[in-house]
Amino acid sequence: PHLAPHMANVQDKQSTPACAEALCTPFARDLAAGLAEQPRRVSPKYFYDSTGSQLFEQICELPEYYPTRTEMALLRHHAREIAELAGPRAEIVEFGAGALQKIRILLDAFEDPAGYLPIDISGEHLNAAAAELRREYASLAIQPVAADYTQRLLLPAPAAGAGKRIGFFPGSTIGNFTEAEALRFLQTAARVLQGGALLLGADLVKEPSTLHAAYNDSEGVTAAFNLNLLARANRELDADFDLDQFAHHAFYNVPQRRIEMHLVSRCDQTVQFCGERFFLAEGESIHTENSHKFTIAGLRELAARAGFTAGPAWTDADGLFSVHWLIA
Ligand code: AVI
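So this is what it looks like as structure tokens:
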């Protein structure tokens, strides 16, 4: 039965303790801290609730978003060579349990892979991915690791008789890190993969118009993905962001070699959540993401600083995307 309007109000009041609980979540704390900064910012890691993850999957299918299909084609095209470099009985360590299509390419090409260790902060995501792969690769030892791979990372000891540990970090997710974070991540990867290698996908510097189109798709999926951050705050933190009063703004920052995504306030407005109020003037922006673009030489140099030795790097005929073999 529908509640009378006054009952709905009573319910709202009773939901105050839920708001107090929400205050303790990292999202609430980071959003409040980031909105209090100048320029205002929020970490892109908060894009990926279940709606955001679905929107990201849609982005990967968009005609303008070349990275996913280009990287997949590179992996397929060089699968044999990659498998040879990995050797028999390799254990694959995936940083982030991403799209299963990519890992399937490696599992199908590798010689008798000994194990698959996906690492993801979301246990739910991880277990769903592991369950699906267990059905397809019955003899493969799958060991999901629920952890934040940007922090100190501990992995289970290699299985008896296992070959090299091969890390897999596709999709140019490394581009969403700051340089310091990217270096820290690569240092962690070099440590846990010692004696093995890292297979890394990195998006390349290119014509700004191609980049602009990839982050300003004609169907508005990227805009919805960006705005979902505010929708998520409304859902989880009982925030009152009016989504119609924010515009998706993505542009290529040439000197910084990165796409920047912002949410720009369309008017003077006040937003509130968990007892905090923030005034945003018309035109003020919340910086939600950087997506750095690399050169092959630049990426190799960064990897060398983290202790890797560069092996082959593969790129497509148009030089859109690169896949790197980095020896740990
Ligand atoms: C996950 N990451 C590599 C994507 C990127 O291209 O930086 C996220 C994304 N943001 C907008 N579109 C896609």
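Residue numbers for the sequence shown follow the UniProt record's numbering, beginning at 4 and rising by one.
All residues carry an ideal CB built from backbone N, CA and C; glycine is no exception.
Note that the structure is predicted; figures quoted are calculated from it, not measured.
Quick one: is the Cβ of residue i within less than 7 Å of any heavy atom of ligand 1?
| i | result |
| --- | --- |
| residue 175 | yes |
| residue 64 | no |
| residue 178 | yes |
| residue 218 | yes |
| residue 29 | no |
| residue 98 | no |
| residue 228 | yes |
| residue 225 | yes |
| residue 56 | no |
| residue 304 | no |
| residue 70 | yes |
| residue 325 | no |
| residue 279 | no |
| residue 288 | no |
Between residue i and residue j, is the Cβ-Cβ spacing less than 8 Å?
| i | j | result |
| --- | --- | --- |
| residue 83 | residue 112 | yes |
| residue 165 | residue 199 | no |
| residue 103 | residue 132 | yes |
| residue 220 | residue 68 | yes |
| residue 239 | residue 50 | no |
| residue 205 | residue 98 | no |
| residue 172 | residue 143 | no |
| residue 291 | residue 266 | yes |
| residue 294 | residue 283 | no |
| residue 153 | residue 184 | yes |
| residue 58 | residue 45 | no |
| residue 218 | residue 192 | no |
| residue 309 | residue 190 | yes |
| residue 228 | residue 90 | no |
| residue 136 | residue 148 | no |
| residue 174 | residue 87 | no |
With 16 as the cutoff for other CB atoms within 10 Å, does residue i come out buried or exposed?
| i | result |
| --- | --- |
| residue 321 | exposed |
| residue 326 | buried |
| residue 168 | buried |
| residue 100 | buried |
| residue 4 | Its pLDDT being 29, under 50, residue 4 is placed unreliably by the model, and the measurement read from it follows with that caveat. Residue 4 comes out exposed. |
| residue 331 | buried |
| residue 60 | exposed |
| residue 381 | No statement about residue 381 is possible, as the shown extent of the chain runs from 4 to 331 and does not include it. |
| residue 64 | exposed |
| residue 242 | buried |
| residue 10 | Summary for residue 10: the model assigns pLDDT 37, below 50, so the residue's position carries little reliability, and this model does not support an answer. |
| residue 257 | exposed |
| residue 270 | exposed |
| residue 329 | buried |
| residue 162 | exposed |
| residue 277 | buried |
Length-filtered (3 minimum) beta strand (DSSP E) runs lying within the region 64–121:
The qualifying runs are 94–98.
Ordered list of alpha helix (DSSP H) runs contained in the region 141–197, each at least 4 residues
Residue ranges of uninterrupted alpha helix (DSSP H) with 4 or more members, entirely inside the region 141–197 and ordered along the chain, are 182–195.
Go through the region 205–273 residue by residue and report every complete run of the alpha helix (DSSP H) that reaches 4 residues or more, in order.
Taking 4 residues as the minimum length, the alpha helix (DSSP H) runs contained wholly in the region 205–273 are 211–217 and 224–240, in order along the chain.
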